[in-house]
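Some notes on the structure that comes next.
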Amino acid sequence: MTFPVVGIVGGGQLARMTLEAGIPLGVGFRVLSDGPGDSAARVAPEVTVGDYRDLDTLRAFARGCDVLTFDHEHVPAAHLRALEAEGVTLRPGAAALIHAQDKGVMRARLTELGIPCPRHRIVDGPEDVRRFAEADEGAAGWPVVLKTVRGGYDGKGVWVVRSAEAARATEDPFRAGVPVLAEELVDFTRELAAGVVRSPHGQAVAYPVVESVQVDGVCDTVIAPAPGLPEPLALHAQELALRVAKELDVTGHLAVELFETADGRLLVNELAMRPHNTGHWTQDGAVTSQFANHLRAVLDLPLGDPRPRAPWTVMTNVLGGDYPDLYPAFLHCMARDPGLKIHLYGKDVKPGRKVGHVTAFGADLDEVRERARHAADYLRGVIDE
873 MTFPVVGIVG GGQLARMTLE AGIPLGVGFR VLSDGPGDSA ARVAPEVTVG
923 DYRDLDTLRA FARGCDVLTF DHEHVPAAHL RALEAEGVTL RPGAAALIHA
973 QDKGVMRARL TELGIPCPRH RIVDGPEDVR RFAEADEGAA GWPVVLKTVR
1023 GGYDGKGVWV VRSAEAARAT EDPFRAGVPV LAEELVDFTR ELAAGVVRSP
1073 HGQAVAYPVV ESVQVDGVCD TVIAPAPGLP EPLALHAQEL ALRVAKELDV
1123 TGHLAVELFE TADGRLLVNE LAMRPHNTGH WTQDGAVTSQ FANHLRAVLD
1173 LPLGDPRPRA PWTVMTNVLG GDYPDLYPAF LHCMARDPGL KIHLYGKDVK
1223 PGRKVGHVTA FGADLDEVRE RARHAADYLR GVIDE
């Protein structure tokens, strides 16, 4: 029997962890990476170094792959459509991916579907921002959040302006060469994420809704399940995510990032159609990880059980700090907590860069949070005992 070959466009840590999930299945992999030192390129059995923005490079990479999936959303949409027209199987497909690539398209489609979102509109300059905040029917008011519709992540490509004067002084969003989305600044109590996986034949599974704690625009900690979330609201979040996956015809993992508002509503913030940082807890905390289920969906295999293994799982990201050599810290972390799980991405350590994550699980949330926090801080060099 010939096992299928999955091509992953992008060589980051998401591709690396997807490879890990596929090894037990005997699936073949190819990775299109920016460079030989990228996270997945260090461990993949077959690596092509090339530019994902070049259509001929993508065409050549696709030869010999049964299906292509993605580590990121940055492949030009026109290239994706061209590949599909030539018979290349993309999962998710170009028509779905555009909603993760372009925030303006995403907002328009979700609004059409009646999915709750922040108030928003595309703006073409500071005066348009002022009208959105002050003059439009149902004006959003100040402050206003400005986002480039393409290319932003981890807080990049996002600006908060608090007045018309500030909007006039903020030229950067309009210099990026892409449309700018203006949104109301939502009065939220916390950020949540609903992860679901959908296969080509329509099977879908939903993971527990999690709380995502952000620090300086970057995901710091994920708690599964979200503590104190009323069951009806948790079910509503899962139903929203499953509906979005179906309506947009998503294949693979879909992360729906949500705001929980002070008055008990849920608003969709972002979409990601790939494994996502808010789902890393599933590697150790769920029966089937987001990576394994994404791969199953890409191959149209039956999906795995998404249920948690323990009452609480906490994932904390490890960001680069002052200590470039993380390995010596293993001795302390592993001896102190034999139940701790450490995942490093094979990246050079740079301040603020995501270089790994740690996961702890158990029956007591406070204890589990402390264990994950301690390990992440020790690996980073924030603490030394």
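Sequential numbering from 873 applies to the sequence shown in this note's numbering. For every residue, glycine included, the Cβ atom is placed at its ideal position computed from N, Cα and C.
- Pull up the DSSP beta-bridge partners for E1055, would you. H992, V1017
- Kindly list the residues whose CB is nearer than 6 angstroms to the CB of D943, restricted to its own chain and excluding five residues on each side of it in sequence; keep chain order. I880, G882, G884, L886, A887
- Task: Go ahead and pull the three-state DSSP assignment for Q1086.
- Result: strand
- Item | CB-CB length for E1055 against R991, believed under 8 angstroms | 7 angstroms
- Can you list, in chain order, the stretches of the beta strand (DSSP E) that have 3 or more residues and sit fully within the segment 927 to 959? 939 to 942
- Query: Taking the beta strand (DSSP E) that I1214 falls in, what are its first and last residues?
  - Reply: 1213 to 1216
- Could you check how far apart the C-beta atoms of A1182 and G1157 are, in whole angstroms? I think they sit under 8 angstroms. 6 angstroms
- Query: Does the beta carbon of R953 come closer than 8 angstroms to any beta carbon on chain C?
  - Reply: Checking the listed chains, one finds no chain C in this structure; it contains a single protein chain.
- Between the C-alpha atoms of T874 and E1129, what's the straight-line distance to the nearest angstrom? 38 angstroms
- Task: Can you check the segment 1143 to 1193 for any beta strand (DSSP E) of at least 3 residues that lies completely inside it and give the ranges in chain order?
- Result: 1184 to 1191
- Less than 8 angstroms between the CB atoms is what I'm expecting for P1223 and G1192, so what's the real figure, rounded? 5 angstroms
- Compare the C-alpha of A1039 against each of R1022, L1018, G1023, G1029 and name the closest. L1018
- Task: Report the rounded CA-to-CA distance for V1081 versus P1099, giving the unit in angstroms.
- Result: 10 angstroms
- Task: Using alpha carbons as the reference points, say which of Y1195, A1248, L1173, W1184 lies closest to R1208.
- Result: A1248
- Item | Anticipated Cβ contact below 8 angstroms, P1196 with V1230, distance rounded | With a Cβ gap of about 18 angstroms, P1196 and V1230 do not count as contacting.
- Which of helix, strand or coil does DSSP assign to H1125? strand
- Message: Which same chain residues end up closer than 7 angstroms to V1033 when comparing Cβ atoms and leaving out the 5 residues on each side of it in sequence?
- Response: V1001, P1015, V1016, L1018, A1039, T1042
- Query: Any idea what DSSP makes of D1238, helix, strand or coil?
  - Reply: helix
- Contact check, V1170 vs A1232, beta carbons under 8 angstroms: no
- Message: Tell me the rounded alpha-carbon separation between V1087 and F1060.
- Response: 15 angstroms
- Could you check if H1073 is buried or exposed, using at least 16 other CB atoms within 10 Å of its CB as the buried criterion? exposed
- Query: When burial is assigned at 16 or more other CB atoms within 10 Å of the CB, is G907 buried or exposed?
  - Reply: exposed
- Message: Between S1084, M1206, D926, A1011, which has its C-alpha nearest E1132's C-alpha?
- Response: S1084
- Nearest neighbour of I994, chosen from L1101, E958, A957, L1053 [CA to CA]: L1053
- Helix, strand or coil: how does DSSP classify A1232 here? strand
- From D1194 to T1093, what distance separates their C-alpha atoms? 20 angstroms
- Item | Alpha carbon of L1216 to alpha carbon of G1228, nearest angstrom | 4 angstroms
- Query: Do you know whose CA, among G1023, T1123, A1127, A1078, lies nearest L1107's CA?
  - Reply: A1078
- Task: Starting from the Cα of G1023, find the closest Cα among E1009, D996, P1051 and give me that residue.
- Result: P1051
- Measure the Cβ-Cβ separation of A1113 and A1066 and say whether it is below 8 angstroms. yes
- Message: Let's see if you can read the secondary structure: which residues bound the alpha helix (DSSP H) around V1116?
- Response: 1103 to 1119
- Message: Can you tell me where the alpha helix (DSSP H) holding V1001 begins and where it ends?
- Response: 998 to 1002
- Query: Which residue comes first and which comes last in the alpha helix (DSSP H) that contains E1043?
  - Reply: No alpha helix (DSSP H) contains E1043, which DSSP labels as neither H nor E.
- Query: Helix, strand or coil: how does DSSP classify E1257 here?
  - Reply: coil
- Does DSSP classify V977 as helix, strand or coil? helix
- Message: By alpha-carbon positions, which one of V1190, T1160, H1166 ends up nearest to D1177?
- Response: T1160
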